[in-house]
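Below: the structure, in structure tokens.
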Amino acid sequence: MDCCSGLLIVLISMTGALAYVEQIWDTNDNMDEWQILQVDSDSDESKQWQKVQVLSAFQTCTLESGQENWLVSPPIPLPPELPSGALLPLRIRVSFLMHACDYTQYSLDECKNYIQLYAGYFPPGTNSINASSLDAVNLIQDIQLRSPGAPDSVDVVYNASAARAQGSVTDQIRIALRDQGSCTQGLSVSVAYFICMPIQGVLVSFPKSFPSTSPVQGSCISGAHPSNPPLQRVCSFDGSWSPQNGRCVCKPGYIRTAAGCVETSPCESYPCFNGGTCHEENGGFRISQTSPCESYPCFNGGTCHEENGGFLCECSVGFAGQTCENGN
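Take a look at the structure:
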């Protein structure tokens, strides 16, 4: 490699007698061939990139207004030895295939030409993620459609910082993708990060860039292995993701509205025939049948009798007709 070639970024933060190398890399276009440029010629594996692959494939092209659903990664743990305020650079690659919106068929509210990339901190042991818990994530950037119908990818560097809250270190980050209604296929997310270990000794200062002729190939730290856990589909309302429908659907007994899933009445489908009356009961419905004679259909003193689902009037002397309406 020629002197000063590639991209080299070094950020330094000072705390007492410690200096932390926050971000150092030299990269080509292939994510799997990142090179680590070591500041102190130390071959310590703890100063090399760790790679975590988060992969998922899904397809959603059923477009409707009000979509706001999420794909959420498994937790990316922050190392416990990372001091508060130190940075953990995450390099995120989002690969996708997205189709252009047909605005002759869909409105701007129904179809979007982008998905959104978020990241956020979650307390230790947070396993269940729902739409309300995603209030903790922050937008990194919109990932725009560039080549309709063709595979595309975007690389993003996000500097996560170790945070302390009430004496404990927040120890995991999640990457989240927000889908507000795009026609997306084959989505995958890859994440790699570099742990910034402290450099002991006197305060030091590095220039913003300097030449290096001895690149070191990045690799997983000892005992670490790439993994491919699935992303978690989180619906923005009280429902679940349906692979068959390519969208979030409400659970049985609920219908989707702009406000979310709303419980429906079992009587709304008019399940009762032949004059029966529907009553909601214990999560279901009960049918009551009224007698056709309750409306007193017989005139002039006639007597009503139920017969074959209807009624028959027995008329008083001197009257006739279906309802005894005629006098003799």
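Under the working numbering, the letters of the sequence shown match residues 650 to 977, in that order. Heads up, the beta-carbon is just placed ideally off N, CA and C, and yes, glycines get one too. Nothing here was measured: the structure is a model prediction, and the numbers come from that model.
DSSP state of residue i mapped onto helix, strand, coil
| i | result |
| --- | --- |
| cysteine 962 | strand |
| serine 885 | coil |
| aspartate 828 | strand |
| aspartate 758 | coil |
| leucine 836 | strand |
| alanine 639 | Any property of residue 639 remains undetermined from this structure, which presents the chain solely from 650 to 977. |
| leucine 783 | helix |
| serine 914 | coil |
| serine 777 | coil |
| serine 978 | Residue 978 lies beyond the residue range present for the chain, which begins at 650 and ends at 977; the question has no answer from this structure. |
| tyrosine 752 | coil |
| threonine 939 | coil |
| asparagine 957 | coil |
| leucine 788 | strand |
| isoleucine 725 | strand |
Own chain partners of residue i with C-beta closer than 8 Å, once the 5 adjacent residues on each side are dropped
| i | result |
| --- | --- |
| proline 946 | Cys953, Phe960, Cys962 and Thr972 |
| proline 724 | Phe771, Thr775, Gln821, Ile822 and Arg823 |
| lysine 900 | Asp887, Gly888, Ser889 and Cys910 |
| asparagine 957 | none |
| asparagine 787 | Tyr767, Ala768 and Gly769 |
| phenylalanine 745 | Ile764, Ile792, Pro800, Asp801, Ser802, Thr833, Gln834, Gly835, Leu836 and Ser837 |
| threonine 926 | Ile936, Ser937, Gln938 and Thr939 |
| alanine 785 | Gly769, Tyr770 and Phe771 |
| asparagine 977 | Gly967, Phe968 and Ala969 |
Cut-off 7 Å between Cβ atoms - residues of its own chain near residue i, not counting five sequence neighbours on either side
| i | result |
| --- | --- |
| valine 911 | Tyr903 and Ile904 |
| tyrosine 807 | Leu739, Ile741, Ala768 and Ile789 |
| leucine 794 | Met747, Ala749, Asn762 and Tyr763 |
| serine 940 | Glu955 |
| glycine 816 | Reliability fails at glycine 816, whose pLDDT of 45 lies under 50, so the model's placement of it is uncertain and the value that follows must be treated cautiously. For glycine 816, where only same-chain residues beyond five positions count, there are no Cβ hits under 7 Å. |
| glutamate 929 | Ser914, Pro915 and Cys916 |
| phenylalanine 934 | Pro915, Cys916, Pro920, Cys927 and His928 |
| cysteine 988 | Since the first and last residues shown for the chain are 650 and 977, residue 988 lies out of range. |
| aspartate 751 | none |
In DSSP terms, what residue i is bridged to
| i | result |
| --- | --- |
| serine 802 | Ser744 |
| glutamate 929 | Phe934 |
| arginine 795 | Answer is none; arginine 795 lacks a bridge partner. |
| glycine 909 | Thr906 |
| glutamine 971 | BP columns for glutamine 971 are empty, so no partner. |
| asparagine 977 | Answer is none; asparagine 977 lacks a bridge partner. |
| leucine 720 | Leu826 and Arg882 |
Same chain only: Cβ atoms within 6 Å of residue i, ignoring 5 sequence neighbours per side
| i | result |
| --- | --- |
| alanine 969 | Asn975 |
| phenylalanine 948 | Thr972, Cys973 and Glu974 |
| cysteine 964 | Gly951 and Cys973 |
| serine 885 | Glu717, Asn718 and Ala780 |
| cysteine 1040 | This structure leaves residue 1040 out entirely; the chain is present only between 650 and 977. |
| glutamine 712 | A small fix is needed here, since residue 712 is leucine in this sequence, not glutamine. Cβ within range, chain order: Tyr755, Glu759, Cys760 and Gly830. |
| threonine 906 | none |
| asparagine 804 | Per the sequence shown, the amino acid found at residue 804 is aspartate instead of asparagine. Excluding positions up to five away in sequence, the list reads Arg742. |
| serine 944 | none |
| glycine 798 | His748 |
Legend entry - Stretch-stretch touch, CB-based, cutoff 8 Å, three pairs: the segment 828-843 with the segment 772-786: No, the segment 828-843 does not touch the segment 772-786.
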